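S.K.:
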Amino acid sequence: MPLAGKISILHRVSGLLLFVCLPFILYLLDQSLTSEISFDAFKGFLANPIVKIVTLVLSWAYLHHFCAGIRYLLLDTHVAVSKEGGRQTALIVLIVSLLLTLAMALKIFGVF
1 MPLAGKISIL HRVSGLLLFV CLPFILYLLD QSLTSEISFD AFKGFLANPI VKIVTLVLSW
61 AYLHHFCAGI RYLLLDTHVA VSKEGGRQTA LIVLIVSLLL TLAMALKIFG VF
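Numbering of the sequence shown is given in the UniProt record's numbering, commencing with residue 1 and proceeding in unit increments.
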């Protein structure tokens, strides 16, 4: 399968992951904004290494879905519609989303 096809499948998987986890994410947002005490509890919850990994996976899903969505918007405007253009834009989406996820990982795990 060409890279563009794999990126398309990852776009669908990331969208499904975000859709399934959205109620939980919104609940956590609501709880973190309720009071200072609930915010401190939320910070404690996020200190768990497993929760950090889940947060990183959700961050990847969001960032990949966002980057691939921009790619599809460009394809809708007939930018890089050729086979080679599709391969190049798919590679750009993969690299950019992984670099952004790496930056998020460094932030989540407290490197900076």
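Beta carbons: idealized from backbone N, C-alpha and C, even for Gly. Being a predicted model, the structure only gives us computed values, none of them experimental.
Threshold first: 3 residues or longer. Then list the beta strand (DSSP E) segments lying entirely within the region 1 to 48, N to C.
M.R.: Those beta strand (DSSP E) runs which fall completely within the region 1 to 48 and span 3+ residues do not exist here.
S.K.: I'd like to confirm something about F66: is its beta-carbon nearer than 7 Å to some heavy atom of the ligand GTP, or not?
M.R.: In terms of ligand content, the structure shown is empty, and the ligand GTP therefore cannot be addressed.
S.K.: So what's F109 in DSSP terms, helix, strand or just coil?
M.R.: In the structure shown, F109 sits in coil (DSSP, three-state: anything other than H, G, I, E or B).
S.K.: What three-state label does DSSP hand A61 in the structure shown?
M.R.: Helix, per DSSP.
S.K.: For T55, which of L22, V79, H11, D30 has the nearest alpha-carbon?
M.R.: Minimum Cα distance to T55 is reached at L22.
S.K.: Determine the burial state of L26: buried for a count of at least 16 other Cβ atoms within 10 Å of its Cβ, exposed for fewer.
M.R.: L26 is exposed by the Cβ-count criterion.
S.K.: V81 and L73: beta carbons closer than 8 Å?
M.R.: It is not a contact, given that the beta carbons lie outside the stated cut-off.
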